[in-house]
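Participant: I'd like to ask some things about the structure below.
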Amino acid sequence: MSLRPILETRAAQPHIEGAGVKLHRAFGFQDPSELDPFLLFDDFRNERPEDYLRGFPWHPHRGIETITYVLAGSVEHGDSLGNTGTLGAGDVQWMTAGSGILHQEMPSGNTKGQMHGFQLWGNLPASQKMTAPRYQDVKGTEIPEVIDDDGTRVKVIAGGFWGKRGLVDGIAADPQYLDVYVPAGVRKTLPVDTYRRAFAYVFEGEAAFADASAPQGVLLEKEVAGQEVNIRDLSGDRTLVRFGTGDAINVQAGPEGVRFLLISGAPINEPVAWHGPIVMNTQAELQQAFRDLRNGTFIKPAH
Ligand code: FE2
């Protein structure tokens, strides 16, 4: 087993998106090769309805997938093809925009006024950028969960993990999307296939992630899984941890336990031409997308 080094830990930054939704962005609109096949990650946990109710009115997507995971409150979704639906707490929507959709995503809070959720953007390879749009909606109650003897719980939203498989399928980047809870003080080694780019995003409690290479950091442990590692400072709420190459990560939960997303996928390694919600391979394709929007030919008729 070879533990992945930590390339970077980064706090998600406050950002305003849509029609004025206050959120935190962990990455996006920077170097898309960093976490290829993933392009963007937004944390839209919010306690004040005035900070999210304006939502994300009509906008296009082409060439990507958007993955929405709701923890509290709900998101109402509607698109120009006539698809509508509501995502409630625990639910996931995996939307393959492909050749294009125009949609709106309107959050509403729970009885306490809370709206908690995440949106991840995954890139599509050239061969699938113009594929037909597709939705995979997964109810929270349908998401497989594995529970280990030490109380570690892993919800398997996409990909395979500890013998369970998420219900989302057919995605080019072969993503693994896990919601992981590790109880207080428990140390856990979690496998992540070597060919994947991987990151963790902490959203409850805190944890120390073992770093297989970094010289800095407080040395708490000399050896984890047969490897000398440093343990960096605790990573808390809204921290992105970007991992390098290896086949596992190691985490020790802090005094209140930790909950984080562990997300990984196979890099696409193609050129990226990106403007707003449209991500293609070339500038010419990008210009074509915006011409299509102006001309009303963005949405391809269903065959
Ligand atoms: Fe969207």
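Just so we're aligned, residue 1 is where the sequence shown starts under UniProt numbering, counting upward by one. Glycine included, each C-beta is placed from N, C-alpha and C at the ideal position. Remember, it's a predicted structure, so these values are computed and weren't measured experimentally.
1) Would you say Pro277 touches the ligand FE2, meaning its beta carbon is less than 7 Å from a heavy atom?
2) Helix or strand or just coil, what does DSSP make of Glu17?
3) Please name the residue, chosen from Leu39, Glu256, Ala207, His15, that lies closest to Asn46 on a Cα-to-Cα basis.
4) Taking 7 Å as the cut-off, does the CB of Thr194 come closer than this to any heavy atom belonging to the ligand FE2?
5) The beta strand (DSSP E) with Arg294 in it runs from where to where?
6) Can you give the beta carbon distance from Gln128 to Ile263, rounded, assuming they're within the 8 Å contact cut?
7) Note the first and the last residue of the continuous beta strand (DSSP E) segment covering Ile171.
8) Assuming contact is defined by CB atoms lying nearer than 8 Å, are Glu105 and Gly28 in contact in what I supplied?
9) Tell me the rounded alpha-carbon separation between Leu286 and Gly170.
10) Roughly how many angstroms lie between the CA atoms of Val168 and Leu178, to the nearest whole one?
11) If you draw a straight line from the C-alpha of Leu261 to the C-alpha of Gly78, how long is it?
12) Quick test of the definition: if touching needs 3 or more C-beta pairs under 8 Å, does the segment 191-200 touch the segment 240-248?
13) Does Ile147 pass the burial test, meaning 16 or more other C-beta atoms within 10 Å, or should it be called exposed?
14) Can we count Glu34 as close to the ligand FE2, meaning its CB is less than 7 Å from some heavy atom?
15) How should Thr297 be labelled, buried or exposed, when 16 other C-beta atoms within 10 angstroms of its C-beta is the threshold for buried?
16) Among Arg291, Asn295, Gln288, Ile278, which has the Cα closest to the Cα of residue 309?
17) If Ala132 and Gly85 are in contact, beta carbons under 8 Å, what's the gap, nearest whole angstrom?
18) Report yes if the C-beta distance between Gly166 and Ala158 is below 8 Å; otherwise report no.
19) Beta-carbon within less than 7 Å of residue 304's beta-carbon, same chain only, minus the 5 sequence neighbours each way: which residues are those?
20) Please go through the same chain and pick out, in chain order, the residues whose beta-carbon is closer than 6 Å to the beta-carbon of Gly151, but skip the five residues on each side of it.
21) Between Trp94, Val21, Ala207, Gly113, which has its C-alpha nearest Leu234's C-alpha?
22) With respect to 7 Å, is the separation between the Cβ of Thr9 and the closest non-hydrogen atom of the ligand HEM below this value?
23) Roughly how many whole angstroms lie between the Cα atoms of Thr282 and Met95?
24) Just reading off the beta strand (DSSP E) that Pro267 is part of, what are its end residues?
25) Note down the Cα distance separating Asp237 from Arg187, rounded to an integer number of angstroms.
26) In angstroms with no decimal places, state the Cα-to-Cα distance between His103 and Glu76.
27) Would you check if there are 3 or more beta carbon pairs closer than 8 Å linking the segment 132-141 to the segment 113-123?
28) Could you give the residue range of the beta strand (DSSP E) that holds Asn123?
Facilitator: In this structure, then:
1) Under cutoff, so the answer is yes.
2) strand
3) His15
4) no
5) From DSSP, Arg294 is part of no beta strand (DSSP E) but of the alpha helix (DSSP H) over 283-295.
6) Going by Cβ atoms, the distance from Gln128 to Ile263 rounds to 19 Å, so no, they are not a contact pair.
7) It is not in any beta strand (DSSP E) - Ile171 carries neither H nor E in the DSSP assignment.
8) no
9) 25 Å
10) 12 Å
11) One Cα belongs to Leu261, the other to Gly78, and the distance between them is close to 26 Å.
12) Judged by Cβ distances under 8 Å, the segment 191-200 makes contact with the segment 240-248, as three or more pairs qualify.
13) exposed
14) It does not: the Cβ of Glu34 is nowhere closer than 7 Å to a heavy atom of the ligand FE2.
15) exposed
16) The requested residue 309 does not occur in the structure, where the chain is confined to residues 1 to 303.
17) So it is not a contact: roughly 18 Å between Cβ atoms.
18) A contact, by the Cβ cut-off of 8 Å.
19) Residue 304 falls outside the range modelled here, since the chain spans only 1 to 303, and no answer is possible.
20) Pro183
21) Ala207
22) The ligand HEM is not part of the structure shown, which contains the ligand FE2 as its ligands.
23) Across the structure, Thr282 and Met95 are spaced so that their CA atoms are roughly 22 Å apart.
24) No residue range can be given for Pro267, since it is assigned to no beta strand (DSSP E) and is classified by DSSP as neither H nor E.
25) 18 Å
26) 10 Å
27) Counting C-beta pairs closer than 8 Å gives fewer than three between the segment 132-141 and the segment 113-123, which falls short of the contact rule.
28) 116-123
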